[in-house]
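Okay, structure first, notes after.
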Amino acid sequence: MDLYLPIANLSVNALVIIALGGGVGILSGMFGVGGGFLTTPLLIVYGIPPTVAAASAASQVTGASVSGVSAYFRRGGVDVKMGGVMVIGGVMGSLFGAWLFRLLQASGQIDTAIAITYVLLLSSIGALMLKESLEAIAVTRGRRAVPPRRRRHHPLVASLPFRMRFYRSGLYISPLAPLLLGFGTGILTILLGVGGGFVLVPAMIYLLGMATQVVVGTSLFQILFVTAAATMVHAMTTKAVDIVLAGLLLIGSVIGAQVGARFAAKARPEYLRLALGLMVLLVAGRIALGLGWRPDEIYSIELS
Amino acid sequence: MKLLALVLAAPLLLAQAKPVLVPDVSQREIRIAYSFTGAELLLFGAILYPGGKLPDDEHRTDLVVVVKGPVQSITVREKEKLAGVWVNAQALRYRSAPSFYAIASSRPIERIVDERTRAIYELGLDSLQLSPASSAAPTVQDRFARGLVDLRRRAGLYVEAPRAVEITQDVLYRARVSIPARVPVGQFTAETFLIREGKVLAAAVREITVEKAGFERYVARAADRNAVPYGLVAVAMSVLLGWGAGRLAQRV
Chain A
-19 MDLYLPIANL SVNALVIIAL GGGVGILSGM FGVGGGFLTT PLLIVYGIPP TVAAASAASQ
41 VTGASVSGVS AYFRRGGVDV KMGGVMVIGG VMGSLFGAWL FRLLQASGQI DTAIAITYVL
101 LLSSIGALML KESLEAIAVT RGRRAVPPRR RRHHPLVASL PFRMRFYRSG LYISPLAPLL
161 LGFGTGILTI LLGVGGGFVL VPAMIYLLGM ATQVVVGTSL FQILFVTAAA TMVHAMTTKA
221 VDIVLAGLLL IGSVIGAQVG ARFAAKARPE YLRLALGLMV LLVAGRIALG LGWRPDEIYS
281 IELS
Chain B
2 MKLLALVLAA PLLLAQAKPV LVPDVSQREI RIAYSFTGAE LLLFGAILYP GGKLPDDEHR
62 TDLVVVVKGP VQSITVREKE KLAGVWVNAQ ALRYRSAPSF YAIASSRPIE RIVDERTRAI
122 YELGLDSLQL SPASSAAPTV QDRFARGLVD LRRRAGLYVE APRAVEITQD VLYRARVSIP
182 ARVPVGQFTA ETFLIREGKV LAAAVREITV EKAGFERYVA RAADRNAVPY GLVAVAMSVL
242 LGWGAGRLAQ RV
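These protein sequence lines are chains A and B, in that order.
When we follow this note's numbering, the leftmost residue of the first sequence carries the number -19, and every step to the right adds one.
When we follow this note's numbering, the leftmost residue of the second sequence carries the number 2, and every step to the right adds one.
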């Protein structure tokens, strides 16, 4: 079923895009991530221009995080104050990211920059997740003692000024730390079309030391608003949001996410994290190979 | 008396005149709508010889049809391996590269006309006037031009189809040119050339408009002109779909 994408200026098989969104949706429902880190590279492989792919994937992440946020809200799993600070940082980050995007685009290095950022980010996060989940599995099998649970924020975070209380998170820290964290993920959202959940969640646990029961909900809350802001920024600057493409991805992913969430309820969380870690490393490895291998196309054309 | 002389002399005068082309295209407008996967253009017409007589010498009559899209200002980048990573290194800007170029001819073009004529009329992918905006060495310019043509040829945007023009009894001709789905919108031209003995004897141009239609046109315009409402609609759509699916899943 061929459908013409009015912004990407090409026709795609609608069922393939819906299936792609569905696959990513299942994973996002299972692992509680937006799945943007899979959508953008897959769309590029399918032949969608990288800018359109990044701009349209962000709105898919918005859709994927909505139902998660409402579920966590009902359970009281969102620290709105902390999330609000991160959203402010995220919106500023996305504006900065848009400026960076244009700069890189003008110098012709945007594709390389996107690929290198992906490799660095995904390989470090993937390795971290793999290590953590393997330890957790060792613990549940009784091979190793439970490590002492330390929930303390990083000394750097503690040294920042203007402390305030975040009751839900059980923290008394400077809002600058979550602001910076939000800023960083805002840049990532614009550049890569990812929500940044796979960076936010570990950072909130290990750097900020937030109470774990509000970590996922708050990160989803931040992702919801920042990806929405990123879609707006893209719509106004690069004009690369393809609403038809986004719609197709959304139809697949919102259904997939519900299916994935049911899978996740049956699986053991440490094995889920192990699987996610392996998958993230796989994607990073594939992109790294792409950087080193001789590309299929030596030449590329862009309108100027 | 003068008039009579003119009428009497008409066949003689016409015999000196060149043949005339009467071309047409199957579609004056190509509309890109939701299921657009490309279009097939039929370019056809007749050759009117002076006096209605076919030339009786042994030279062949050749026809060349060129369909051109609007010119674009583009930058072509070349990747190079630096420190183990393939990155864009050199770049070359072209002020007026055709976004689409298809040439169909009754025989391979290099057998019909010489290089100079090919360059004048831009016949053939080797003879495109790309007007590079650079003072790079000719070898570098050639390399980039080859890269550009090769890339667009494989995307179906640059097409060379020797022997695609059929001539029936030296009078009627037709050629098919396929327009791919990735075609840019704008004003296209279909030029027809009648060539004998290496000379262009007649030429005619027809215009073709390629435009987005219906919903696609509406979306493309909205994204360009009303960026803020467009972005809001995109965000609202994602929020509603995500929320709706969540609500549905709770009931099931």
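Positions of the beta carbon are idealized from the N, C-alpha and C atoms, including for glycine.
Tell me the rounded alpha-carbon separation between residue i and residue j.
{"i": "residue 225 of chain A", "j": "residue 219 of chain A", "result": "14 angstroms"}
{"i": "residue 209 of chain A", "j": "residue 71 of chain A", "result": "6 angstroms"}
{"i": "residue 254 of chain B", "j": "residue 69 of chain B", "result": "With chain B covering 2 to 253 only, the question about residue 254 of chain B has no answer from this structure."}
{"i": "residue 235 of chain A", "j": "residue 13 of chain A", "result": "15 angstroms"}
{"i": "residue 180 of chain B", "j": "residue 33 of chain B", "result": "11 angstroms"}
{"i": "residue 277 of chain A", "j": "residue 143 of chain B", "result": "17 angstroms"}
{"i": "residue 155 of chain A", "j": "residue 63 of chain A", "result": "11 angstroms"}
{"i": "residue 119 of chain B", "j": "residue 108 of chain B", "result": "14 angstroms"}
{"i": "residue 237 of chain A", "j": "residue 264 of chain A", "result": "23 angstroms"}
{"i": "residue 184 of chain A", "j": "residue 139 of chain B", "result": "56 angstroms"}
{"i": "residue 117 of chain A", "j": "residue 250 of chain A", "result": "6 angstroms"}
{"i": "residue 201 of chain B", "j": "residue 63 of chain B", "result": "9 angstroms"}
{"i": "residue 169 of chain B", "j": "residue -18 of chain A", "result": "37 angstroms"}
{"i": "residue 39 of chain B", "j": "residue 244 of chain B", "result": "37 angstroms"}
{"i": "residue 247 of chain B", "j": "residue 242 of chain A", "result": "12 angstroms"}
{"i": "residue 87 of chain A", "j": "residue 71 of chain B", "result": "26 angstroms"}
{"i": "residue 175 of chain A", "j": "residue 3 of chain A", "result": "17 angstroms"}
{"i": "residue 262 of chain A", "j": "residue 190 of chain B", "result": "49 angstroms"}
{"i": "residue 61 of chain A", "j": "residue 189 of chain A", "result": "16 angstroms"}
{"i": "residue 81 of chain A", "j": "residue 238 of chain B", "result": "25 angstroms"}
{"i": "residue 19 of chain B", "j": "residue 219 of chain B", "result": "47 angstroms"}
What first and last residue would you give for the beta strand (DSSP E) that runs through residue i?
{"i": "residue 98 of chain B", "result": "86 to 99"}
{"i": "residue 34 of chain A", "result": "First-last for residue 34 of chain A: 30 to 54, but that is the alpha helix (DSSP H), not the beta strand (DSSP E)."}
{"i": "residue 81 of chain B", "result": "72 to 83"}
{"i": "residue 336 of chain A", "result": "Only positions -19 to 284 of chain A appear in the structure, and residue 336 of chain A is not among them; the question remains open."}
Hey, could you find the ends of the alpha helix (DSSP H) residue i is sitting in?
{"i": "residue 90 of chain A", "result": "90 to 120"}
{"i": "residue 190 of chain A", "result": "No alpha helix (DSSP H) holds residue 190 of chain A; DSSP gives it neither H nor E."}
{"i": "residue 68 of chain B", "result": "Not the alpha helix (DSSP H): residue 68 of chain B falls in the beta strand (DSSP E), residues 62 to 69."}
{"i": "residue 246 of chain A", "result": "223 to 246"}
{"i": "residue 216 of chain B", "result": "215 to 226"}
{"i": "residue 116 of chain B", "result": "116 to 122"}
{"i": "residue 184 of chain A", "result": "Neither: residue 184 of chain A is in no alpha helix (DSSP H) and is coded neither H nor E."}
{"i": "residue 111 of chain B", "result": "110 to 113"}
{"i": "residue 286 of chain A", "result": "Because residue 286 of chain A is not part of the residues shown, which for chain A are -19 to 284, the question remains open."}
{"i": "residue 280 of chain A", "result": "Looking at the DSSP string, residue 280 of chain A is not in any alpha helix (DSSP H); the run it does join, the beta strand (DSSP E), is 279 to 283."}
{"i": "residue 259 of chain A", "result": "249 to 272"}
Give me, in chain order, the residues of the same chain whose beta-carbon lies closer than 7 angstroms to that of residue i; leave out the 5 immediate sequence neighbours on both sides.
{"i": "residue 14 of chain B", "result": "Confidence at residue 14 of chain B is low in this model, with a pLDDT of 49, below 50, so its placement is unreliable and the value that follows should be read with caution. Nothing meets the Cβ criterion."}
{"i": "residue 33 of chain A", "result": "20, 23, 24, 173"}
{"i": "residue 213 of chain B", "result": "33, 186, 221"}
{"i": "residue 67 of chain A", "result": "162, 202, 205, 206"}
{"i": "residue 153 of chain B", "result": "159"}
Going along chain B in order, which residues have a C-beta closer than 9 angstroms to the C-beta of residue i?
{"i": "residue 115 of chain A", "result": "By Cβ distance, chain B contributes nothing, its closest Cβ being about 33 angstroms from residue 115 of chain A, past 9 angstroms."}
Looking only at its own chain, which residues have a Cβ that is under 6 angstroms from the Cβ of residue i, when we skip the five neighbours before and after it?
{"i": "residue 126 of chain B", "result": "150, 159, 161"}
{"i": "residue 259 of chain B", "result": "Because chain B is modelled from 2 through 253, residue 259 of chain B falls outside the range shown and cannot be assessed."}
{"i": "residue 54 of chain B", "result": "none"}
{"i": "residue 193 of chain B", "result": "22, 24, 66, 205"}
{"i": "residue 178 of chain A", "result": "13, 105"}
{"i": "residue 77 of chain B", "result": "93, 145, 149"}
{"i": "residue 18 of chain A", "result": "4"}
{"i": "residue 159 of chain A", "result": "65, 69"}
Determine the chain B residues that contact residue i at a beta-carbon separation under 7 angstroms, and present them in chain order.
{"i": "residue -14 of chain A", "result": "213, 217, 220, 221"}
Can you name the residues of chain A whose CB is closer than 7 angstroms to the CB of residue i?
{"i": "residue 80 of chain B", "result": "275, 278"}
{"i": "residue 225 of chain B", "result": "219"}
{"i": "residue 132 of chain B", "result": "What residue 132 of chain B touches in chain A: nothing, since even the nearest Cβ is about 13 angstroms away."}
{"i": "residue 35 of chain B", "result": "-17, -16"}
{"i": "residue 250 of chain B", "result": "238"}
Using a Cβ-Cβ cut-off of 8 angstroms (strictly less than) and excluding sequence neighbours within five positions of residue i, which residues of its own chain qualify?
{"i": "residue 183 of chain B", "result": "156, 157, 158"}
{"i": "residue 29 of chain B", "result": "207, 208, 209, 210"}
{"i": "residue 74 of chain A", "result": "166, 167, 169, 170, 206, 209, 210, 213"}
{"i": "residue 35 of chain B", "result": "215, 216, 217"}
Find the residues of chain A that neighbour residue i, judging by a C-beta separation of less than 8 angstroms, and give them in chain order.
{"i": "residue 73 of chain B", "result": "283"}
{"i": "residue 31 of chain B", "result": "What residue 31 of chain B touches in chain A: nothing, since even the nearest Cβ is about 12 angstroms away."}
{"i": "residue 231 of chain B", "result": "215, 221, 223"}
Is there at least one non-hydrogen atom of the ligand MN closer than 7 angstroms to the beta-carbon of residue i?
{"i": "residue 40 of chain A", "result": "Ligands in the displayed structure: none, and consequently the ligand MN is not present."}
In chain A, which residues lie less than 9 angstroms from residue i when you measure between Cβ atoms?
{"i": "residue 38 of chain B", "result": "-18, -16, -9"}
{"i": "residue 1 of chain B", "result": "In the structure as shown, chain B starts at 2 and stops at 253, and residue 1 of chain B therefore has no counterpart that could be examined."}
Residue i versus chain B: which residues are under 8 angstroms apart at the beta carbon?
{"i": "residue 50 of chain A", "result": "244, 247"}
{"i": "residue 230 of chain A", "result": "238, 239, 242, 243"}
Are any of the Cβ atoms in chain E nearer than 8 angstroms to that of residue i?
{"i": "residue 226 of chain A", "result": "No chain E appears in the structure shown, which is made up of the protein chains A and B."}
Could you list the residues in the segment 87 to 111 of chain B with a C-beta less than 7 angstroms from some C-beta on chain A, going in chain order?
87, 88, 89, 92, 94
Output, in sequence order along the chain, the residues in the segment 81 to 101 of chain A whose CB is closer than 7 angstroms to any CB in chain B.
88, 89, 92
Taking Cβ-Cβ distances below 7 angstroms as the criterion, which residues of the segment 201 to 217 of chain A are in contact with chain B?
208, 211, 212, 215, 216
Within 8 angstroms of chain A by C-beta, residues of the segment 146 to 180 of chain B in sequence order
148, 149, 151, 152, 153
If contact means a Cβ-Cβ distance below 8 angstroms, which residues of the segment 23 to 46 of chain A contact chain B?
39, 40, 42, 43, 44, 45, 46
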